[in-house]
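Participant: Take any residue in the sequence shown, note its place counting from 1, add 3, and you have its number in our numbering. Even for Gly, the Cβ is constructed at its ideal location relative to N, Cα and C. I'd like to ask you about the structure that follows.
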Amino acid sequence: MISEKLQDAINEQINRELYSGYLYLSMAAYFDSMNLPGFASFMKVQLEEERFHTMKFYDFVNERGGRVVLKKIAQPPVDFDSPVEVFELSLKHEQSVTKMINELMDLAIAENDHAAKSFLNWYVDEQVEEENTMNGIVNKLKMVGGKGHGMLMMDNELATRTFTPPNEN
Ligand code: OFO
């Protein structure tokens, strides 16, 4: 059985994962408004990833005999200065999520909850990938200077991303 403290902390994290999806959907809307469908599609796939992260937490709370409690989701930013700013913000956001996952892990360790530690390890690894993905795109965008032929090529490249449920091993 999950402790009340850990259950409450995971319920907070469920809210943050939902916010992450909402944030990426807002970024997709920005890219759609700029006629960059590949960038928009990338962000819609990111929304699916965040939904997956949310439901994994949701299932864990239930499997451990806890109670999922949903809270109000904050409004994400609507306007962005440039594509590079969007990905810089995404990277910053993922870095803050990593910190939250680490804090959850600290709590699981303090409570000596081995099942939670094992479960959270998946997110620790996933965050390495999340930060790396955003960082790679920031670097590429800086290389192409955010405009011209390079942007079209990046739009085509990002359009190829599809959602595959992350590796759960
Ligand atoms: Fe759920 O990892 Fe991104 O935010």
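Which residue wins for smallest C-alpha separation from Leu92, given the options Arg67, Phe63, Asn124, Glu134?
Facilitator: Reading the sequence shown from its first residue, position 89 is the one you call residue 92. When only C-alpha atoms are compared, the closest one is Glu134.
Participant: Name the two residues that bound the continuous alpha helix (DSSP H) containing Val72.
Facilitator: Locating residue 72 in the sequence shown gives position 69, counting from the first residue. Where Val72 is concerned, there is no enclosing alpha helix (DSSP H), given that its DSSP letter is neither H nor E.
Participant: The ligand OFO heavy atoms versus the CB of Ser23: any closer than 7 Å?
Facilitator: The sequence position of residue 23 within the sequence shown is 20, counting from 1. Yes - the ligand OFO has a heavy atom lying nearer than 7 Å to the Cβ of Ser23.
Participant: Identify the continuous alpha helix (DSSP H) that holds Asn142 and give its terminal residues.
Facilitator: In the sequence shown, counting from the first residue as 1, residue 142 sits at position 139. That run of the alpha helix (DSSP H) goes 117-147.
Participant: So for Leu21, helix, strand or coil by DSSP?
Facilitator: The residue you call residue 21 lines up with position 18 of the sequence shown. Leu21: helix per DSSP, three-state reduction.
Participant: When you compare the CB of Gly68 with every CB in chain C, is at least one pair closer than 8 Å?
Facilitator: The chain labelled as chain C is not found in the depicted structure, where only one protein chain is given.
Participant: Taking the CB atoms as reference points, tell me whether Gly149 and Val89 lie closer together than 8 Å.
Facilitator: Translated into the one-based positions of the sequence shown, residue 149 becomes position 146. Translated into the one-based positions of the sequence shown, residue 89 becomes position 86. In this structure, Val89 does not lie closer than 8 Å to Gly149 by Cβ.
Participant: When the Cα of Val127 is compared with those of Pro80, Asn105, Phe60, which residue comes out closest?
Facilitator: The sequence position of residue 127 within the sequence shown is 124, counting from 1. The shortest Cα separation from Val127 among Pro80, Asn105, Phe60 belongs to Asn105.
Participant: Does the ligand OFO have even one heavy atom less than 7 Å from the beta-carbon of Val100?
Facilitator: Walking along the sequence shown from the start, residue 100 turns up at place 97. Yes, the ligand OFO has a heavy atom inside 7 Å of this Cβ.
Participant: With the cut-off set at 8 Å, would you say Leu107 and Gln16 are in Cβ contact?
Facilitator: Here residue 107 refers to the residue found at position 104 when the sequence shown is read from its first residue. Here residue 16 refers to the residue found at position 13 when the sequence shown is read from its first residue. Contact: yes.
Participant: Check Asp82 in the structure and name its three-state DSSP category.
Facilitator: For this step, residue 82 is matched to residue 79 along the sequence shown. DSSP places Asp82 in coil when its eight states are reduced to three.
Participant: Whole angstroms are fine: how far does the CA of Ala111 sit from the CA of Lys74?
Facilitator: By one-based count along the sequence shown, residue 74 stands at place 71. By one-based count along the sequence shown, residue 111 stands at place 108. The straight-line gap from Cα to Cα measures roughly 22 Å.
Participant: Ignore the nearest five residues each way along the sequence and tell me which others in Leu50's own chain have a CB closer than 6 Å to its CB.
Facilitator: Mapped onto the sequence shown, residue 50 falls at position 47. Gly24, Tyr27, Leu28, listed in sequence order.
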